[in-house]
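What follows is a single structure, written as structure tokens, with notes after it.
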Amino acid sequence: MTTHDFQHYLSEFLARFLPGEVGSATNTIKSYRDTFTLFLRYCKAHEDITPEHMTCGLLTKELVERFLAWLEAERGCCPATRNQRLAAIRSFCRYLQVRDVERIGQYQRVLAIPKKKTTTAPPRHVSVDGIRMILDQPDTSRPSGRRDLALLALMYDSGARVQEIADLTFGDLRADPPATVKLTGKGNKTRIVPLMAPTAALVQRYADGAGLTGPASRSRPLFPNRAGNKMTRTGIAYILDKHVTAAREGDPAALPDTISPHTFRHSKAMHLLQAGVNLVYIRDILGHADLKTTEIYARIDGEMKRRALQSAFTNLAPSDAMPLWHQDKDMLTWLTNLGH
Numbered sequence: 001m002t003t004h005d006f007q008h009y010l011s012e013f014l015a016r017f018l019p020g021e022v023g024s025a026t027n028t029i030k031s032y033r034d035t036f037t038l039f040l041r042y043c044k045a046h047e048d049i050t051p052e053h054m055t056c057g058l059l060t061k062e063l064v065e066r067f068l069a070w071l072e073a074e075r076g077c078c079p080a081t082r083n084q085r086l087a088a089i090r091s092f093c094r095y096l097q098v099r100d101v102e103r104i105g106q107y108q109r110v111l112a113i114p115k116k117k118t119t120t121a122p123p124r125h126v127s128v129d130g131i132r133m134i135l136d137q138p139d140t141s142r143p144s145g146r147r148d149l150a151l152l153a154l155m156y157d158s159g160a161r162v163q164e165i166a167d168l169t170f171g172d173l174r175a176d177p178p179a180t181v182k183l184t185g186k187g188n189k190t191r192i193v194p195l196m197a198p199t200a201a202l203v204q205r206y207a208d209g210a211g212l213t214g215p216a217s218r219s220r221p222l223f224p225n226r227a228g229n230k231m232t233r234t235g236i237a238y239i240l241d242k243h244v245t246a247a248r249e250g251d252p253a254a255l256p257d258t259i260s261p262h263t264f265r266h267s268k269a270m271h272l273l274q275a276g277v278n279l280v281y282i283r284d285i286l287g288h289a290d291l292k293t294t295e296i297y298a299r300i301d302g303e304m305k306r307r308a309l310q311s312a313f314t315n316l317a318p319s320d321a322m323p324l325w326h327q328d329k330d331m332l333t334w335l336t337n338l339g340h
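For the sequence shown, full-length UniProt numbering assigns the number 1 to the initial residue and increments by one for each residue that follows.
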């Protein structure tokens with residue numbers, strides 16, 4: 001299998017290995033698929049290698065490095081995107097190592113390609129008043145407004161990822177005290193997140209009006225689109241953007257320039273931290289695999305407090321006061337005599 005080995009192994013990797021053996025999420029598989037689509041397009045346009053002539057023997061460190069350089073130079077991809085594409089290729093090479101042992105050294109050289117350092121911007125978040133402004137926008141006299149309010153309130157209160165909201169069924173909601181929602185996150189891991197009573201009441205009111213009642217509705221999407229299928233991430237982002245735009249008309253300075261569904265998630269985490277909730281509990285609510293991921297909110301909150309203290313600082317020291325070591329021209333002498 002040399003002529004079509006690349007096509008064979010890539011098909012097995014995407015269609016069977018990732019979903020069946022690894023249990024990768026659908027979005028992860030789509031991201032990997034997009035990487036190899038780009039890679040094959042690059043090979044055809046710049047390496048004179050058509051998809052039908054691509055073989056595993058051609059998947060070398062040098063070829064992958066040229067592809068990564070093209071992503072940054074020609075497509076303007078940032079280092080984070082470049083690293084994401086490299087991660088997909090690395091995953092495929094790890095898969096190939098145990099199925100194409102003769103080329104194990106070649107694949108290990110690809111695996112040795114380093115990631116580029118990236119700078120991570122602190123996550124944006126909205127104040128409590130800003131969230132309230134957005135939630136005030138839906139017209140609850142209309143069914144679509146009740147749906148929008150239920151969706152946005154649930155997304156904020158649960159700190160859910162946008163795909164987790166899209167995947168919700170009516171059976172995932174428990175509106176009776178203690179109210180909870182079951183979220184299915186990355187790697188198909190589920191978690192139960194407590195809901196505040198007002199949020200649960202809003203969602204239940206919407207569900208009752210939408211006919212989502214009884215055992216037969218438990219498997220139906222909680223927030224369906226017009227076709228009755230589960231709403232897409234794009235659809236949810238559109239709903240949020242519509243009400244953010246309306247809120248900005250009332251007070252343009254109250255909201256950040258960019259607000260996405262993930263901004264609601266960041267906002268919930270910051271508000272929990274500022275309310276004194278333990279980081280471990282916030283980690284569990286957000287569904288983070290590692291506490292280090294959650295700690296970013298503590299760093300942001302600490303920086304906000306530092307800036308607030310700095311802005312309110314009043315220097316009470318005498319203007320001629322100076323550190324003790326400045327009082328001795330010979331710092332080494334001062335250090336030597338410090339213990340005496």
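All C-beta atoms in this analysis are idealised placements derived from N, C-alpha and C, irrespective of residue type, glycine included.
Going by the CB atoms, is the gap between residue 246 and residue 255 shorter than 8 Å?
-> In the sequence shown, residue 255 corresponds to position 255, counting from 1. In the sequence shown, residue 246 corresponds to position 246, counting from 1. Taking 8 Å as the Cβ cut-off, residue 255 and residue 246 do not qualify as a contacting pair.
Under 7 Å Cβ to Cβ from residue 106, same chain only, skipping five residues before and after it: list those, please.
-> Position 106 of the sequence shown, counted from the first residue, corresponds to residue 106. Closer than 7 Å at the Cβ level, and outside the excluded window around residue 106, lie 60.
Residue 218 beta carbon near the ligand FAD (any heavy atom closer than 7 Å) | With respect to the ligand FAD, the structure shown offers nothing to examine, as it has no ligands at all.
Please decide whether residue 231 counts as near chain B, where near means a Cβ-Cβ distance under 8 Å.
-> This model lacks chain B altogether; it includes just one protein chain.
Thinking just about the alpha-carbon of each residue, which of 224, 233, 95, 93 is nearest to the one in residue 160?
-> Here residue 160 refers to the residue found at position 160 when the sequence shown is read from its first residue. In this structure, 233 is the residue among 224, 233, 95, 93 with its C-alpha nearest to the C-alpha of residue 160.
Are the CB atoms of residue 149 and residue 222 nearer to each other than 8 Å?
-> Counting from 1 along the sequence shown, the entry for residue 149 is found at position 149. Counting from 1 along the sequence shown, the entry for residue 222 is found at position 222. It is not a contact, given that the beta carbons lie outside the stated cut-off.
List the whole-angstrom C-beta distance separating residue 277 from residue 291, where the pair is believed to meet the contact cut-off of C-beta under 8 Å.
-> As a first step, residue 277 is located in the sequence shown; it is residue number 277 there, counting from the start. As a first step, residue 291 is located in the sequence shown; it is residue number 291 there, counting from the start. With a contact defined as Cβ atoms closer than 8 Å, residue 277 and residue 291 miss out at about 14 Å.
Would you decide whether residue 158 is buried or exposed? Buried here means 16 or more other CB atoms lie within 10 Å of its CB.
-> In the sequence shown, counting from the first residue as 1, residue 158 sits at position 158. Answer is buried; the Cβ neighbour count reaches 16.
Rounded separation between residue 51 and residue 6 - CA only | The residue you call residue 51 lines up with position 51 of the sequence shown. The residue you call residue 6 lines up with position 6 of the sequence shown. Here the alpha carbon of residue 51 sits roughly 9 Å from the alpha carbon of residue 6.
Enumerate in chain order the residues of its own chain whose CB-to-CB distance from residue 35 is below 6 Å, with the five nearest sequence positions on each side excluded.
-> Along the sequence shown, read from residue 1 onward, the residue named residue 35 stands at position 35. Result list for residue 35: 85, 88, in chain order.
Cβ-Cβ separation, residue 162 to residue 271 (assumed contact under 8 Å), whole Å | Here residue 271 corresponds to residue number 271 of the sequence shown, with the count starting at 1. Here residue 162 corresponds to residue number 162 of the sequence shown, with the count starting at 1. Residue 271 to residue 162, Cβ: 18 Å. No contact.
Considering only residues of the same chain and omitting the five flanking positions on each side of residue 205, which have a CB-CB separation below 8 Å?
-> Sequence index remark: in the sequence shown, residue 205 carries index 205 (1-based). So the qualifying residues of the chain are 146, 150.
Just how far apart, CA to CA, sit residue 264 and residue 24?
-> The residue you call residue 264 lines up with position 264 of the sequence shown. The residue you call residue 24 lines up with position 24 of the sequence shown. One C-alpha to the other measures close to 25 Å.
What whole-angstrom Cβ distance do residue 94 and residue 111 have, given they're in contact under 8 Å?
-> Counting from one through the sequence shown, the residue named residue 94 turns up at place 94. Counting from one through the sequence shown, the residue named residue 111 turns up at place 111. Indeed, because the Cβ distance is near 7 Å, the residues count as touching under 8 Å.
How would you label residue 286, buried or exposed, when you count the other beta carbons within 10 angstroms and need 16 or more for buried?
-> Position 286 of the sequence shown, counted from the first residue, corresponds to residue 286. It counts as buried.
Counting pairs of beta carbons, one from the region 4-18 and one from the region 30-49, are three or more of them closer than 8 Å?
-> yes
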